[in-house]
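So the sequences go chain by chain: G and E.
Start counting the first sequence at -15; every next residue gets the next number (our numbering).
Start counting the second sequence at 1265; every next residue gets the next number (our numbering).
Glycine included, every Cβ here is placed at the ideal spot set by N, Cα and C.
Contents: one structure, followed by commentary.
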Amino acid sequence: MKHIRAATFAAFSAVLLLTSGCTTAGVRNASGRTVTDLRPDEAGRVRGTGPESQDIVVVTDFMARSILAIPEIARAQTPPNIVLEPVLNNTRFPINRDVFLTRLRALLNSRTENRVRFIDRAMMATLERERDLRIAGAVTTTSDPTVVEFRGADYFLTGELQGHSVRADAGTADYVLYSFHLTNARTGEIVWEDMREFKKEGLEDAAYR
Amino acid sequence: MKPSGPDSWPGGRALRRSCLARAARLPAFTLLVAVAGCVTPDGGVERRTLAGLEGPIESRLGEIPERDRGLWEYRLALAALRENRPGDAAVLLDTALRRAEGVLSGPDANARRARSLFSAERTKTYIGEPYERAMAYFYRGLLYWQAGELDNARASFRAAQFADADADDAEHRGDYVLLDYLDGLASERLGGDGSDAIARAAARTQRELPAPADLGNALFVVEFGAAPRKVAAGDYGEKLTFRSGPTRAKHAVLTIGGHTLRLEPWDDLHFQATTRGDRVMDYILGNKAVFKEGADAFGDVALIGAQIAAENIYKRREEPRPPQPPARREPSRRNAGNTPGPQEKAAEAAPKAEPERDRDAERAALALGVIGVISKIASVATIAEADTRTWDNLPQYLSFGSIALPPGEYEAELEFLDSSERRIGDLSRRVLVQIGPADRDSVILLGEQAR
């Protein structure tokens, strides 16, 4: 009987040894994870070395404060008219470029008591159609529709993302420079420019190297 | 005193042999149970190819295990792109590439498991080898270009080139000609200076590349040949190798709107797949193979040792023993039959020595047998096989050409030629090409494969 017990013990040991290779014991989040609310300006568990939400928040917050501090805006007698031009992405990360300008415009509009005005050029075709309807008398109007009231730009606001990436045995490192500038629409002078820069690095699991 | 244990019973020896056999069989049974619980049966949807599936697979993506989903997203995205469904292709590629970037950005539980002895490499989340990831970014770049987002297209081409940046050999890092060329072309189209990227592309090929200023609004990306296939080689399938071909088409000729465009291969995916060099995972799989082989050999030695030990015991038992005088059992007066006295102890000691030695030898044989079986099981359970999940609807060759065409629909003739410049009739065909508004480029993907 002793030998049967020894053999049984050995068999169970074998089972333990084998199953230790394939059970989910020790695997983190084997059942997944519930959705977690995060602030957009904090880094979550899911990371990447490219632009992340916290970078967008930090960059646009910084740019909004910086723009408001320049004399052309701070001491303007009448709020200057600004037209947004698309941000240029010159990195290795495909991104939604519009998110920077949308957040910047929303920040400046909502928190600065109209110290600047943004001209909605994306609506231009719609606005022209509406004006034509007014001129044609198809819709009501409270002013003379033949008088041009569309505002011209005092400044153009745009930005650019530049990147530099390195890949080596030690991992991947990405540097991204976010720069924005304000150009005088009449003179072409750049009246304001500022930048923020980030560097991130990570190393993938050996199974992918 | 009679020896205790199975040998003292009628048929005890047979029972002992049966115990050994059971001891050997039980772990084998438990192995089956244990392994049955953790392997993925072959023949599941994740093992099949796009061509082998009937009906739309997009709706069945949820059935595919998460670890294989990226592979199917790549395959389906390319099929959607070839079927002129750019929206579907973009969504699938974005999902797959975000997953790949997430996996590459830090620790991954599936990847950790794939490195363990008893799990296969294919248990890791599929993100593709660098040439596969590069192609995913490349196709995404074409979609961005088609949508007029040239800077994001350029970013995608750079990301594709970056995916190829970890080759062992420096000259093979980021060495796609077409990716650098399109990077430069996008910069030129954006009003920037793309000459550096175009010079890099030119340095990697002996072909004269067209100057960006000479290109028209219709950009043709033509693919031919079949994707490199991943094959697990080595004694335990631990070596990842690639096979390609046979590829009949070596060039293509596109005739459209009165223009004839000769399309030579700019990049060869087989070359890209095979010039990465050794992976870190190759060392891990090599170590698994060494362990598997070592455990197997150790198991053989232990089992042979157990067999020899057992045979010696049985042989000795079967030898005729010299007759022993019966022990006298005369109780002493003082102990009156309760405890044996010194004389009785001495008398019992002599015949007991032989079975004691046998029992020790039996235990040693049994232990060797069990160790041998465990080693064999460990060897069988160790999975050293390389991951051969392949993005199999990729082409082998990539080519590029451009001409200026007014907007409209064109009927074009696409011919594929072999190495002797003979037309390959069954591959060549007529295609309808739609050229979009003149204010942006039209990117047209053409090739041998329909999906």
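{"Asked": "Between Thr86 (chain G) and chain E, is the shortest Cβ-Cβ distance under 7 Å, so that the two count as touching?", "Found": "no"}
{"Asked": "Give me the chain G residues within the contact set of Leu1368 (chain E), using Cβ-Cβ distance strictly less than 7 Å, ordered along the chain.", "Found": "Glu188, Tyr192"}
{"Asked": "Let me make sure I understand the geometry here. Which of E:Asp1542, E:Tyr1403, E:Val1495 has the alpha-carbon closest to that of Val1486 (chain E)?", "Found": "E:Tyr1403"}
{"Asked": "What number of angstroms, rounded off, separates the C-alpha of Val30 (chain G) from the C-alpha of Glu1327 (chain E)?", "Found": "24 Å"}
{"Asked": "Measure the beta-carbon distance from Gln1660 (chain E) to Pro1492 (chain E) and round it to whole angstroms, keeping in mind my assumption that it falls under 8 Å.", "Found": "7 Å"}
{"Asked": "Ignoring anything shorter than 3 residues, give me the beta strand (DSSP E) runs that lie fully in the region 1359 to 1423 of chain E, in order along the chain.", "Found": "none"}
{"Asked": "Can you have a look at Lys1494 (chain E) and say buried or exposed, based on whether 16 or more other CB atoms are within 10 angstroms of its CB?", "Found": "buried"}
{"Asked": "Taking buried to mean at least 16 other C-beta atoms within 10 Å of its own C-beta, is Tyr1547 (chain E) buried or exposed?", "Found": "exposed"}
{"Asked": "Taking only the alpha-carbon atoms, compute the straight-line gap between Leu1454 (chain E) and Asp1499 (chain E) and give it to the nearest angstrom.", "Found": "53 Å"}
{"Asked": "Of all the alpha helix (DSSP H) runs that stay within the bounds of the region 1520 to 1557 of chain E, which reach a length of 4 or more residues?", "Found": "1533 to 1538"}
{"Asked": "Output needed for Asp1531 (chain E): all residues of its chain with C-beta closer than 6 Å, excluding positions within five of it in sequence on either side, in chain order.", "Found": "Tyr1440, Val1441, Leu1442, Leu1662"}
{"Asked": "Give, in chain order, every residue of the region 69 to 86 of chain G whose Cβ lies closer than 8 Å to some Cβ of chain E.", "Found": "Leu72, Asn73, Asn74, Thr75, Arg76, Phe77, Pro78, Ile79, Arg81"}
{"Asked": "To which residues of the same chain is Arg180 (chain G) closer than 6 Å at the C-beta, ignoring the five residues directly before and after it?", "Found": "Val43, Phe46, Tyr162"}
{"Asked": "Quickly, what does DSSP pair Ser149 (chain G) with across the bridge? List them, please.", "Found": "G:Asp158"}
{"Asked": "What are the boundary residues of the beta strand (DSSP E) that includes Leu1696 (chain E)?", "Found": "1693 to 1699"}
{"Asked": "Confirm the yes/no value for this check: CB of Thr1654 (chain E), any heavy atom of the ligand GTP, distance under 6 Å.", "Found": "Here there are no bound small molecules, and the ligand GTP is not part of this structure."}
{"Asked": "Measure the CB-CB distance between Asp25 (chain G) and Val41 (chain G) and report whether it falls below 7 Å.", "Found": "yes"}
{"Asked": "Would you please state the rounded distance, in angstroms, between the beta carbons of Leu1527 (chain E) and His1515 (chain E)? I believe it to be under 8 Å.", "Found": "6 Å"}
{"Asked": "Going by beta-carbon coordinates alone, are Phe1680 (chain E) and Phe1488 (chain E) separated by less than 7 Å?", "Found": "yes"}
{"Asked": "Alpha carbons only, please: which of E:Ala1375, E:Ser1643, E:Pro1329 is nearest the one belonging to Arg193 (chain G)?", "Found": "E:Ala1375"}
{"Asked": "With distance defined between alpha-carbon atoms, name the residue in E:Leu1483, E:Ala1378, E:Ala1429, E:Gln1571 nearest to Arg1540 (chain E).", "Found": "E:Ala1429"}
{"Asked": "According to DSSP, which residues form a beta bridge with Glu181 (chain G)?", "Found": "G:Leu161"}
{"Asked": "Output yes if chain G places a C-beta closer than 7 Å to the C-beta of Ser1643 (chain E); else output no.", "Found": "no"}
{"Asked": "Give a yes or no on whether 7 Å exceeds the smallest Cβ distance from Val30 (chain G) to chain E.", "Found": "yes"}
{"Asked": "For Trp1655 (chain E), which of helix, strand or coil comes out of DSSP?", "Found": "coil"}
{"Asked": "Would a check of beta-carbon distances place Asp1415 (chain E) closer than 7 Å to chain G?", "Found": "yes"}
{"Asked": "How would you label Asn80 (chain G), buried or exposed, when you count the other beta carbons within 10 angstroms and need 16 or more for buried?", "Found": "exposed"}
{"Asked": "Inspect the beta-carbon positions of Arg49 (chain G) and Ser149 (chain G) and report whether they are closer than 7 Å.", "Found": "no"}
{"Asked": "If I follow the unbroken beta strand (DSSP E) through Tyr1445 (chain E), where does it start and stop?", "Found": "Tyr1445 (chain E) -> not in any beta strand (DSSP E); alpha helix (DSSP H) instead, spanning 1441 to 1453."}
{"Asked": "Taking Ser163 (chain G) as the query, report the chain E residues whose CB atoms sit under 7 Å from its CB, ordered along the chain.", "Found": "Within 7 Å Cβ-Cβ: nothing; Ser163 (chain G) doesn't reach chain E, min ~15 Å."}
{"Asked": "Using a Cβ-Cβ cut-off of 6 Å (strictly less than) and excluding sequence neighbours within five positions of Asp1460 (chain E), which residues of its own chain qualify?", "Found": "none"}
{"Asked": "If we cut at 7 Å on Cβ distances, does Ser127 (chain G) have a partner in chain E?", "Found": "no"}
{"Asked": "Alpha carbon to alpha carbon, how far is Asp138 (chain G) from Glu97 (chain G)?", "Found": "18 Å"}
{"Asked": "Can we say the region 1684 to 1702 of chain E touches the region 1464 to 1478 of chain E, given the rule of at least three CB pairs closer than 8 Å?", "Found": "no"}
{"Asked": "Quick one: list the residues of chain G neighbouring Phe1426 (chain E), beta-carbon separation under 7 Å, in chain order.", "Found": "Arg76, Ser149, Arg151"}
{"Asked": "State the DSSP-derived secondary structure class of Glu1487 (chain E), mapped to helix, strand or coil.", "Found": "strand"}
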